[in-house]
Amino acid sequence: VFLGFNLTFFPQFILGYLGMPRRYHVYPPEYQVLHVLSSAGASILAVGYIMPAIYLLWSLRYGPVAGRNPWGATGLEWTIPSPPPTHNFDKIPIVTHDAYDYTTVAPEVIQVG
């Protein structure tokens with residue numbers, strides 16, 4: 002994405018600095034190289050955005066379902082089901098450890114495949 006962004010917009014910046022007019026149907030031929038470079042950068046940028054979208058859709062369709070506490074967090078928000086009930090807790094919870102004490106709870110292991 003970084004490479005595609007810079008290859009897309011730096012040539013356009015240079016073209017503007019060189020005096021290329023905007024909103025023309027046909028651009029002057031001396032600017033052709035920078036236009037092609039900008040178009041190639043836009044293609045790289047598109048691939049950089051499409052790949053994570055494909056990964057997201059793939060994981061939503063074929064990925065494992067996360068457990069109740071996949072990160073092994075110890076905060077109170079992980080002790081109730083998701084989505085939480087309207088009243089949150091049935092009774093006032095008793096806090097026995099710090100919210101960032103990760104030595105007491107092991108994360109759930111998700112078997113893949």
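All you need for the working numbering is the position in the sequence shown, starting with 1, plus 1. Beta carbons are placed, not taken as given, at the ideal position from N, Cα and C, and that holds for glycine. The structure displayed is predicted, hence computed values, not measured ones.
Going by the beta-carbon positions, is the gap between residue i and residue j smaller than 7 Å?
i	j	result
P12	L38	yes
V2	G49	yes
W59	N70	no
Below 8 Å on the Cβ atoms is my guess for residue i versus residue j; work out the distance and round it to an integer in Å.
i	j	result
I81	N89	6 Å
G42	T9	4 Å
L46	G17	The Cβ separation is near 19 Å, so there is no contact.
I15	L35	6 Å
Y103	G73	6 Å
Provide the residue span of the alpha helix (DSSP H) that contains residue i, from first to last.
i	result
T9	3-18
Helix, strand or coil, according to DSSP, for residue i in the structure here?
i	result
A43	helix
A100	coil
V27	coil
G49	helix
A54	helix
I111	Unreliable positioning characterises I111 in this predicted model, as indicated by a pLDDT of 46, which lies under 50. The coordinate reading is nonetheless provided below. Three-state result, I111: coil.
V66	coil
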